[in-house]
Every structure is written in C-alpha cells, then in structure tokens.
Amino acid sequence: MSTGNMNLTLKVWRQKNNNAKGALVDYKLADISPDMSFLEMFDVLNEQLINKGEEPVVFDHDCREGICGMCSMFINGRPHGPKDLVTTCQLHMRSFKDGDTIVVEPWRAAAFPVVKDLTVDRSAFDRVIAAGGFISVNTGNAQDANNLPIPKMQADAAFEAAACIGCGACVATCKNASAMLFVSAKISQLALLPQGQPERYRRVQSMVAQMDAEGFGNCTNTGACEAECPKGISLENIARMNRDFASAKFISEETV
Amino acid sequence: MSGFGNAFSSSIGKKFIMGITGLFLILFLIVHCGINALIFINDGGLTFNVGAHFMATNWIIRAGEVVLFIGLLVHIFQALRLTLENQKARPVKYAVNDGKANSKWYSRSMGLLGTLLLIFLVVHLKDFWVVSRFTGIPTVDANGHEDLYAVMKEKFQDPVRVAVYILAMFSLCYHLLHGFASAFQTLGWNHSKYNGIIKGAGVWYSIIISILFAAMPIAVYFGLIQ
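In the order they appear, the protein sequences are chains A and B.
Just so you know, we're using the numbering used here here: the first sequence kicks off at 1205 and counts up by one.
Just so you know, we're using the numbering used here here: the second sequence kicks off at 126 and counts up by one.
Shown next as structure tokens:
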C-alpha cells in the first residue's frame, strides 16, 4: 500500500463485547496516503496494532465497492463520514486534512446492539424483511416480462427504492433511531410494481409491526435519514408507507 | 387481530395522531389569531369585544373549546410518549453527532420548543382564559360587552409579560415551521405537484401567525393602538 504524507489522530470506539463498557481510544497514524479509502486506513491501523501485539479494531466490511451495505462507521458525527451519497468504503482520505482528529463510533441504536468495537448486529433489518419484504410466486418458468406493462415513472421509482443497501445509516443518524426510511424503501420497491400488489397491505402491516417490535424509534420527519443515505433514498417512500398503512388499517377489509 | 388492530398504537399510528392533532391546532390558531387581530381596527377594542363575547357565549364555540382542549392534551401526551420511546431507542448517545449537517435545528428540537410553548400556555391561559371564563372580566365596554380588551391593555403594561409573549412566539414560529409540512408528510401527502405549495404555505403561515400574535403585546405596550 502506498505511503503518503497525512498524519492523523483517530478516536476509535473500542468495546470488547456487548456487555462490556466501551470507550474512545486514541491512535496516532502517520504517513497515510490521501488516495486510501477510509477502510484501507483502518487496515493500516490494524496491521500496526497486530504488529504491536494488540487486538485489531473489529469493523464490518465486505465488497468495498459501495453496494453491499456492510460498512457502518459513524465518522465525525455522520454515518459514512462527511461526503454525501457514499459509503465508508468509498470515502477517501483526501476528504480529510493532514493533522485532523477523526472520531469513529459504531451505529448507535437499541435495535443495533454492539457486537464488538465498530461492529453492530443489524439482524433486526433481516427480521423486518422476513416479516413481509418479499412476494410469493409459484415456481415454474418465468413469464415474459412484457406481459406486465409498467409505466416508466413507476419502474424508476421502484428501482430507486430498491437501491437501498440496508446499511442502517438512516437509523444511525436519526435522532430517534427510527428505521422508517429503510422499511419504507423495502415496502415501496414492491408496492410500486404489479407483482407486489397481492400482498401489498398485508406486507405494510407485518413489516411495520416487526419494525416496532425491534425497538426502533418513531419518525419525526427531520429528514436526516434522506440527507445521509448513501443511496439517496427519498422521504417520499415514508409518505407512501404511511399511506399504505392507513389504507391497510382503515380501508382494506383484509386483516393480518 | 381484527378491525383496526394496532392502527393507532403502532409507530405510524402515533405519528398520525400527532399530525392530525397538529393540523387541528394549526386551524385553531387561524381562528384565534383572526379574532385577536380585531384589536388592530383601533376602535378601543369594541369590535374585538364583540368577537370575544361571541366566542364566550356561542354554544357551538364552547363545545369546540372542549374538543380543542382534548386535541391539545392528546398532542402533548402523545409527544411526551413518543419522546420517551425515542430516547429508549438510542440508550447510548454518540460522543460526536453533527446534526446540523443533515437537518434543521428546529426539526430536532420540537420537544424543547413544545415544552416552552406549554409553559407559555399555562401563563397565557391564566392571563386571559381563566379571567374570561372563571374569575370574570371586571368592566364592560360602551356596547355593554365584557371588556376583555381592557384586561389585555392592563396585562400588557408589564414589560416582563410582553417579553415572555414575544419569546413564546419565536418558539411557536419554529415549532410551526417544522410541524406544518411535517404533518402533511406524516399523513402521506408527499406529492411532487403539491410539495412546493405545502412547504411554502407552511413557511408563510408560521411567520404571519407568529408576527401577528407578537404584534399584539407590542402594540398595546407601546400605545400604538387605543
């Protein structure tokens, strides 16, 4: 890995396990390249810690291409750091200045318990999806796609909602640790398409009930989630979820 | 589950209640502000007292007053409940949280602004509502109506009270700046053709209502109206 000329002070949240008490620990890093990604900078830190015989910092990451939704660092008070529309892995050290102090914390939410250091357990999202974020189809040959004409605007809106990678930045930044942007995106991507219609009102009720059961907070429309979302998921999805929820509860005769 | 199930106890249902009661209170403020603005006719409060007399004696209005208090209390208690739940949703706070990078300060401070408004409301109800409904307005005007305007003139001779009222209207303005558009978003009214109108109406509404209300103690204190 190329060396550079940046000197940084990191304040990293270290926590042995979910029951342990954590704290911010200071680390000095020298000769960091501005071309490194934020996670590569953490790789350098971890190599140094391992060489010194210390425990490396545990953090989530997978594709490092900004599409998997695994990386989850709260950097200087913002999820995925200071840049808009990027994940932590796509954040580069050129976004910081030589001599900067960078505070790195895990996502903070009752529904996202800390596993270790910067890694949190986001399986609450999986359970919300399992509660209804799918369509039921019979097996067999896929029918011709043109059998189901879908207006372009509708298809685009569904696709934009489907861009959600489930990283949890919306929960992390929300002052109420609310998951409504995530849940509404997962509801909208199906509610906007014909294949999602048969289970539409059942789905919204089940997924919202699971979201509440997981202990996420209640939305107060600050818009922080939309501003911080690395995929630019819109607040329109939350309004759509609310409409569907109202339709399901007050108009639909089907009960869950 | 049958019927409405958890329609109002779920996270979205609780938001609906906040939004609906909020819009109801927004409508009330228009009536309240409109009638009070009659003092600016500058006829020694005669027209204003006609309005006040109507509001105090008409049975539909009095029944509406009960609904208003219920709406207000539901708005307050629901807000309290939501705030406590939301605090529980993040038991460990961030060491550094750059809220201003992604949201307006007043959208994150609705609880604080609402609490300030509640404190103001206690003072305000004691100043006027208790007097007009219970302890009685001491004098009558030339038309023989209870002279609520005289009570107003007397109360707003106190500079501390005037300052409290003006500060409260700042709280009201910011509370409404977020609350107005937020209520529509909560109720699902997010539509590219109407978003601009809703946002614009919210800003104008918040500013006009707050300035009109704040102008009342200022005008009385400085003797700008008779």
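Here a beta-carbon is modelled for each residue, glycine too, at the ideal position from N, C-alpha and C.
Can you list, in chain order, the residues of its chain with a C-beta nearer than 7 angstroms to that of residue i? Leave out the 5 residues immediately preceding and following it.
i: V1324 (chain A); result: S1276, P1310, W1311, F1316, P1317 and V1318
i: V256 (chain B); result: I262 and V276
i: P1355 (chain A); result: none
i: F153 (chain B); result: L193
i: T1291 (chain A); result: G1270, C1275, H1284, C1371 and P1434
i: G328 (chain B); result: The question names Gly, but residue 328 (chain B) in the sequence shown is Val. Contacts found: L302.
i: L1352 (chain A); result: P1398
i: D1266 (chain A); result: C1272 and M1274
i: A1234 (chain A); result: N1211
Please state whether the Cβ-Cβ distance between residue i and residue j is less than 8 angstroms.
i: A275 (chain B); j: T264 (chain B); result: yes
i: V1408 (chain A); j: F1449 (chain A); result: yes
i: C1230 (chain A); j: K1220 (chain A); result: Looking at the sequence itself, residue 1230 (chain A) is Asp, so the reference to Cys does not match. Against a cut-off of 8 angstroms, the Cβ pair of K1220 (chain A) and D1230 (chain A) comes out as no contact.
i: M1274 (chain A); j: G1337 (chain A); result: no
i: L1243 (chain A); j: V1261 (chain A); result: no
i: N222 (chain B); j: M341 (chain B); result: no
i: T146 (chain B); j: V199 (chain B); result: yes
i: A1365 (chain A); j: A1346 (chain A); result: no
i: I343 (chain B); j: V287 (chain B); result: yes
i: D1416 (chain A); j: S136 (chain B); result: yes
i: A1361 (chain A); j: L1394 (chain A); result: no
Among the residues of its own chain, which have a CB less than 6 angstroms from the CB of residue i, if the five just before and after it don't count?
i: T1305 (chain A); result: T1213
i: C1423 (chain A); result: S1382 and M1384
i: R233 (chain B); result: G224
i: R1156 (chain A); result: Summary: the structure shown does not reach residue 1156 (chain A), with chain A confined to residues 1205 through 1460, and so no result is reported for it.
i: K1287 (chain A); result: L1295 and S1299
i: V1375 (chain A); result: A1313, A1381 and A1383
i: Q1252 (chain A); result: none
i: H157 (chain B); result: none
i: M1432 (chain A); result: For the sequence presented, residue 1432 (chain A) should be read as Glu rather than Met. The residues are P1283, A1373 and T1377.
i: F309 (chain B); result: I323
i: I334 (chain B); result: L154 and C158
Output yes if chain B places a C-beta closer than 8 angstroms to the C-beta of residue i; else output no.
i: K1356 (chain A); result: no
i: C1374 (chain A); result: no
i: L1210 (chain A); result: Per the sequence shown, the amino acid found at residue 1210 (chain A) is Met instead of Leu. No, M1210 (chain A) does not count as interfacial toward chain B.
i: A1381 (chain A); result: yes
i: M1277 (chain A); result: no
i: N1221 (chain A); result: no
i: E1309 (chain A); result: yes
i: F1242 (chain A); result: no
i: V1412 (chain A); result: yes
i: G1285 (chain A); result: no
i: F1300 (chain A); result: no
i: E1458 (chain A); result: no
i: T1323 (chain A); result: no
i: N1280 (chain A); result: yes
i: L1233 (chain A); result: no
i: A1313 (chain A); result: yes
i: R1218 (chain A); result: no
i: M1415 (chain A); result: yes
Just to check my reading of the structure: residue i and residue j have Cβ atoms closer than 8 angstroms, yes? What is that Cβ distance to the nearest angstrom?
i: C1429 (chain A); j: C1368 (chain A); result: Going by Cβ atoms, the distance from C1429 (chain A) to C1368 (chain A) rounds to 11 angstroms, so no, they are not a contact pair.
i: I164 (chain B); j: F173 (chain B); result: 5 angstroms
i: T311 (chain B); j: M180 (chain B); result: Actually they do not touch by this definition, with Cβ atoms about 30 angstroms apart.
i: F1329 (chain A); j: G1372 (chain A); result: 7 angstroms
i: D1302 (chain A); j: N1441 (chain A); result: No, D1302 (chain A) and N1441 (chain A) are not in contact; Cβ-Cβ is about 40 angstroms, not under 8 angstroms.
i: N101 (chain B); j: I350 (chain B); result: Chain B is shown from 126 up to 351; residue 101 (chain B) falls before or after that span and cannot be answered.
i: D1321 (chain A); j: F1263 (chain A); result: 7 angstroms
i: F305 (chain B); j: I151 (chain B); result: 6 angstroms
Does the beta carbon of residue i come closer than 8 angstroms to any beta carbon on chain A?
i: Q310 (chain B); result: yes
i: L238 (chain B); result: no
i: I137 (chain B); result: yes
i: S331 (chain B); result: no
i: P216 (chain B); result: yes
i: M126 (chain B); result: Here the model assigns M126 (chain B) a pLDDT of 44, short of 50, so the residue's position is not dependable, and the following value carries that caveat. Cβ-Cβ to chain A under 8 angstroms: yes for M126 (chain B).
i: A326 (chain B); result: no
i: S232 (chain B); result: yes
i: G321 (chain B); result: no
i: M235 (chain B); result: yes
Ignore the nearest five residues each way along the sequence and tell me which others in residue i's own chain have a CB closer than 8 angstroms to its CB.
i: M126 (chain B); result: Its pLDDT being 44, under 50, M126 (chain B) is placed unreliably in this model, and the coordinates cannot settle the point.
i: N268 (chain B); result: L171, N174 and V175
i: T208 (chain B); result: G236
i: D266 (chain B); result: G169, G170, L171, N174, D272, Y274 and A275
Under the criterion of a Cβ to heavy atom distance below 7 angstroms, does residue i qualify as lining the ligand ADP?
i: V1341 (chain A); result: Here there are no bound small molecules, and the ligand ADP is not part of this structure.
request  = Mind the definition here: the stretch 281-295 of chain B touches the stretch 307-321 of chain B only if three or more C-beta pairs lie below 8 angstroms; say whether that holds.
outcome  = Cβ pair count under 8 angstroms is below three, so no.
task = Select from the stretch 1418-1430 of chain A all residues with a C-beta closer than 9 angstroms to any C-beta belonging to chain D, and list them in chain order.
result = Going by chain labels, chain D is absent from the structure shown, which instead holds the protein chains A and B.
message = Quick check: the stretch 212-231 of chain B against the stretch 1278-1292 of chain A, are at least 3 beta-carbon pairs closer than 8 angstroms?
response = yes
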